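Residue numbers (our numbering): 58 to 313.
For glycine and all other residues, C-beta sits at the position ideal for the given N, C-alpha and C.
Model, not experiment: these values are computed from the prediction.
Single-structure report; data block below.
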Ligand code: PGA
């Protein structure tokens, strides 16, 4: 790898922001403009109602789109939900599943998440499965939490389907906070997640699966995280809504 620049994917999770489509278009047009000078891929995950408009306004290859969640069914009497096929037909190539905010606010259980993960893969989306412990206890129980969650959430996914999966490790205590996890601890967690993936599948699949980090990633800490965190990408919340910041994060993640 010496001398080679590692490509890392950056996912921008806009969550329930910004308030209007006009604001979303404004942010996106600045991102588009800045992306011309940056090598590397950014996946923008806007609120579902903005997807179509943003997708239709972009013809390049550096920006892709994702949905923040989808139901596990493709149609039916499911008031208020979005199906994976709808997300796909609106132009999404990626789907975030199991974000800690959905687990906390919408009561998503590993069982529900496992169904959504499968539905996303079946709808030809690349699924970004979010996992992460709520607390980091002294007895390292959090390792068991991560292991069990991975096992449960991936139980419908066979070896072949793993080519369409990414794992986003996001310690819940870091999301929305001031400080990210230390790069050396992130490195430790990626090693652990690969170990679990080897147990669940095999070493080849474990090595090939992209592992991302998320939780308070910003322009100031991204360089250290990519240098020492041993990650294949980043999932960014707040800074993904600030075009200059997110494009700088993409630049740093791809060796500038
Ligand atoms: P944050 O959010 O970057 O604002 O901490 C990350 C996430 O929720 O994915």
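What is the DSSP secondary structure of residue i, counted as helix, strand or coil?
i, result
"residue 112", "helix"
"residue 85", "helix"
"residue 180", "coil"
"residue 291", "strand"
"residue 189", "coil"
"residue 161", "helix"
"residue 225", "strand"
"residue 125", "coil"
"residue 245", "helix"
"residue 299", "coil"
"residue 100", "strand"
So the candidates are the options; which of them puts its Cα closest to the Cα of residue i?
i, options, result
"residue 68", "281, 94, 156", "156"
"residue 202", "184, 227, 218, 179", "227"
"residue 106", "144, 132, 94, 99", "144"
"residue 223", "264, 190, 240, 234", "264"
"residue 112", "266, 89, 218, 231", "89"
So, is residue i buried or exposed, given that buried needs 16 or more other C-beta atoms within 10 angstroms?
i, result
"residue 96", "exposed"
"residue 116", "exposed"
"residue 176", "buried"
"residue 98", "buried"
"residue 194", "exposed"
"residue 247", "buried"
"residue 163", "exposed"
"residue 101", "buried"
Mind reading off the beta-carbon distance from residue i to residue j? Whole number of angstroms is fine, and I expect it under 8 Å.
i, j, result
"residue 184", "residue 152", "5 Å"
"residue 109", "residue 148", "7 Å"
"residue 214", "residue 276", "At roughly 34 Å, the Cβ-Cβ gap does not stay under 8 Å, so residue 214 and residue 276 are not in contact."
- Closer than 6 Å: residues whose CB approaches a heavy atom of the ligand PGA: 70, 227, 232, 233, 271, 272, 273, 274, 292, 293, 294, 295
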